[in-house]
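So the sequence lines, in the order shown, correspond to chains D and Z.
Start counting the first sequence at 1; every next residue gets the next number (full-length UniProt numbering).
Start counting the second sequence at 1; every next residue gets the next number (full-length UniProt numbering).
We treat Cβ as the ideally placed atom computed from N, Cα and C, and that holds for glycine.
Here is the structure we will look at, set down as structure tokens.
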Amino acid sequence: MPRGRPACDHGVVSQPAATSGAPAVPARGPLERRRSGRLVAGVAGGVADHLGIDVIWVRAAFVVLAAINGAGVVGYGLLWVFVRQESADVQRVTTRRERQQAIGLAALGLGVGLVAAALGNSVIGWIVGPLGVAALGAAVVWREADEAQRRRWAAGARSGVTGAAGGGRTALIRVVSGALFVALGIAVFLIGNINLGQVQFGLLAVVATIVGVAVLTVPWWVRLARDLGEERRQRIVEAERAEIAAHLHDSVLQTLALIQRQAEEPREVLRLARGQERELRHWLYGPQGYGRGSSGGGVKAPALDEGLAEALTKTAAEVEDTYALTVSPVLVGADRPLDPDLRALVLAAREAMVNAAKHAGVDEISVFVEIEPDEVNVFVRDRGKGFDPDDVPADRHGVADSIKARMARHGGRVRLRSTLGEGTEVHLAMDLATDPATGTTTGDDDAPAPDAAREDEQEAQP
Amino acid sequence: MSDPQDAATPDGTISVFLVDDHGLFRAGVRAELDRGVPDVEVVGEAGSVDEAVAAIRHLRPDVVLLDVHMPDGGGAEVLRRIRPECPDVVFLALSVSDAAEDVIAVIRAGARGYVTKTISGRDLADAVRRVHGGDAVFSPRLAGFVLDVFSDRPGAAPPGDPELDLLTRRERDVLRLLARGYAYKEIAGELFISVKTVETHVSSVLRKTQLSNRYELSRWASDRRLV
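So this is what it looks like as structure tokens:
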């Protein structure tokens with residue numbers, strides 16, 4: 001998770017690199033080619049920046065490698081193709097001396113390479129030579145592609161694979177000459193090394209041409225893939241942002257507007273605010289919540305799964321909305337699928353909440369639900385007026401029918417405690433079948449609990 | 001545990017420091033505490049982790065009210081950086097977050113309690129006094145989380161140190177009543193014990209939450225790189 005990573009680390013590294021920007025600062029960022037202060041493609045400079053050493057050593061290493069069958073050249077070319085250019089325009093001062101040194105090194109490398117080729121085994125020489133020519137041609141073309149890319153960024157103009165040719169006459173010349181080099185290299189290589197019949201030679205020439213074309217267009221393919229990846233990432237980020245913005249607009253802004261219009265009615269404002277809070281909370285922290293990463297959900301994932309916990313949470317939310325007060329449910333234990341008995345429990349709990357909301361004269365009701373393997377306990381508590389249970393008029397059916405009788409029908413227990421002036425607590429308990437799987441066999445109810453709650457309510461109330 | 005007496009200011013008021021990235025919320029808390037509560041004094045506030053660490057180091061308040069969610073690391077980060085050098089400063093987490101991970105994380109990092117931001121000014125002052133007195137403060141929701149983690153559900157990892165990894169029956173009873181919304185005095189009455197004993201049980205639950213090796217707790221903590 002990104003949060004835990006100490007943020008100060010990052011700051012220490014990036015700040016000096018951004019402010020001073022001298023090439024000597026060993027800012028160990030990702031490997032990127034230098035954009036300024038370079039001689040060929042900024043590869044050596046980029047490697048030096050990445051490793052935090054002086055650029056001259058990197059160049060020397062490339063030259064030495066180049067003398068060994070051109071490995072340095074190939075390596076340079078590969079880095080050129082696969083390493084992206086740095087994006088920020090960092091100003092670097094290239095001294096005259098450094099430039100001369102580097103050119104000298106390059107010349108030296110070329111000389112050493114030629115001598116090595118001449119002295120070395122003639123077969124190796126024949127292979128390395130033409131391939132070297134081809135590589136040189138490819139390097140010219142690739143470099144041109146790089147230039148074209150930069151021009152494209154600078155001008156903001158869109159150009160496709162033919163972008164290189166669109167870059168003016170010199171660009172065209174460079175590309176064509178590069179292509180010729182490649183073709184020449186391959187041809188010399190083939191003629192020098194292989195003795196074949198006409199047909200085979202024709203076939204081979206076709207293959208060689210394809211290889212040549214492939215080699216020449218490598219930079220575009222690479223870049224195309226990279227740009228596509230980049231674009232996809234941007235699109236995902238963009239979509240994410242749009243989704244958040246849309247959600248905030250639909251929910252939070254709307255509610256705030258409503259609140260402003262209803263500013264004179266505290267209860268209505270409270271109701272709106274609570275409803276919005278609950279919704280946002282669910283969005284953020286709910287089971288599929290926005291703030292819930294892919295990790296961390298495995299252990300608990302409790303409260304709002306399909307089942308008893310969700311039904312009770314929904315019920316609490318409904319009471320909250322209807323009576324404009326706060327119902328804060330706390331749920332403990334592993335959720336269970338609803339069965340008829342548990343549904344009755346939810347309905348009884350709802351009735352208890354409604355009673356508290358109507359009669360207790362409070363603005364908060366506590367609901368505590370504990371789901372144990374063999375028993376479910378629900379406590380609905382308020383700190384309101386309280387009443388004498390024996391004193392309830394006989395024509396009031398809420399407690400008697402909706403809570404006590406219902407719980408009794410389903411094998412549950414009710415304990416009601418109320419003290420005048422201190423509040424009321426309704427304790428609902430229900431035993432469970434030992435195995436959750438067998439508990440559901442008594443009936444197949446797909447009907448969501450709240451709907452059922454309303455139906456049942458109507459038959460119980462009159 | 002630190003002696004509650006040595007942190008008190010001479011005139012007996014409790015100095016409180018606010019850490020929250022929302023200026024409006026800080027202003028609200030400050031106003032509420034300054035207005036109605038004579039023995040609690042807000043001595044400063046901070047809106048970011050760095051600011052908070054520097055100011056707490058300098059001011060050495062008695063109690064820090066700490067927001068759980070802040071941009072650069074949040075309350076847990078403040079705790080991680082300042083607690084080793086200021087062990088006698090007491091932290092009370094104050095959050096809108098409902099996510100068990102966040103709440104447990106700050107508790108594990110050393111906060112002495114957790115209350116939600118919807119708490120009234122009077123209750124907040126009460127909570128401040130209680131943590132300053134060396135006690136732990138559990139909101140019903142936190143009690144629910146802790147009960148949940150320490151429940152012996154099938155599939156839960158076997159405890160490593162039974163002393164720490166299990167709650168006693170009494171502690172469980174106290175937590176249940178806390179989760180049901182009972183005040184300490186009511187819990188004492190319900191269980192036929194003294195308020196002092198209730199406080200002892202709550203403190204020991206907090207200690208177990210902070211030190212226990214239970215798999216779920218460790219997992220939450222390590223997800224947030226707290227251990």
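The DSSP-derived three-state label of R170/Z is helix. For E320/D, the nearest beta carbon of chain Z is not closer than 8 Å to its own beta carbon.
By the C-beta criterion, the region 113 to 133 of chain Z is judged not to be in contact with the region 267 to 274 of chain D, since fewer than 3 inter-stretch pairs fall below 8 Å.
Under the DSSP definition of a beta bridge, V40/Z partners with I14/Z. The C-beta of F62/D has 16 or more other C-beta atoms within 10 Å across all chains shown, which makes the residue buried. Counting every other CB atom within 10 Å of its CB across the protein chains shown gives P61/Z a total of 16 or more, marking it as buried. By the 16-neighbour rule on beta-carbons within 10 angstroms, R57/Z is exposed. Contact annotation: the region 309 to 321 of chain D does not touch the region 124 to 138 of chain Z, with fewer than three C-beta pairs closer than 8 Å. Looking at A324/D, L347/D, T326/D and D321/D, the one whose alpha-carbon comes closest to that of A309/D is L347/D.
Contiguous alpha helix (DSSP H) elements confined to the region 322 to 409 of chain D occur at 340 to 359 and 406 to 409, taking only those with 4 or more residues. Straight-line spacing of the CA atoms in D335/D and V376/D works out to 10 Å.
In chain order, G144 and D148 make up the part of chain Z whose C-beta sits under 9 Å from the C-beta of L331/D.
The residue among T419/D, L420/D, G412/D and E425/D with its C-alpha nearest the C-alpha of A433/D is G412/D. Looking only at P38/Z, R26/Z and V37/Z, the smallest Cα-Cα distance to G47/Z is reached by R26/Z.
Distance from the CA of L175/Z to the CA of E372/D, rounded to the nearest whole angstrom, comes to 15 Å. The Cβ of E98/D sits no closer than 8 Å to any Cβ of chain Z. In the structure shown, S95/Z falls within a strand segment according to DSSP collapsed to helix, strand and coil. At a cut-off of 8 Å between beta-carbon atoms, E310/D makes no contact with chain Z. For the region 231 to 249 of chain D, the beta-carbon criterion of a distance under 9 Å to any beta-carbon of chain Z is satisfied by none of its residues. For the set E32/Z, V63/Z and V37/Z, the Cα lying nearest the Cα of F17/Z is the one of V63/Z. Any Cβ of chain D closer than 8 Å to the Cβ of A111/Z would place that residue at the interface, and such an atom is absent. Close to P140/Z, with beta-carbon spacing below 9 Å, are these residues of chain D in chain order: S328, V330, S366 and F368. Annotation: H249/D is outside any beta strand (DSSP E) and is labelled neither H nor E by DSSP.
Secondary structure at V426/D: strand, using DSSP grouped into helix, strand and coil. Collapsing the DSSP output to three states places E279/D in a helix. DSSP places L416/D in the uninterrupted beta strand (DSSP E) bounded by G412 to T419. Any Cβ of chain D closer than 8 Å to the Cβ of S120/Z would place that residue at the interface, and such an atom is absent.
Here A106/D is not near G185/D, since their CB atoms are 8 Å or more apart. By the beta-carbon neighbour count (other beta carbons within 10 angstroms, threshold 16), D49/D is buried. Less than 8 Å separates the beta-carbon of V426/D from that of V380/D. The region 77 to 88 of chain D and the region 37 to 53 of chain D touch, with no fewer than 3 CB-CB distances between them shorter than 8 Å. A Cβ-Cβ distance of about 7 Å is found for the pair G36/Z and R122/Z, placing them in contact under the 8 Å criterion. The residue among D126/Z, A52/Z and G189/Z with its C-alpha nearest the C-alpha of I14/Z is D126/Z. Closest option to V367/D, judged by alpha-carbon separation, among V146/Z, I193/Z, R141/Z and S204/Z: R141/Z. For Y114/Z, the uninterrupted beta strand (DSSP E) segment begins and ends at G113 to T116. Counting the other Cβ atoms within 10 Å of the Cβ of I210/D gives fewer than 16, which makes it exposed.
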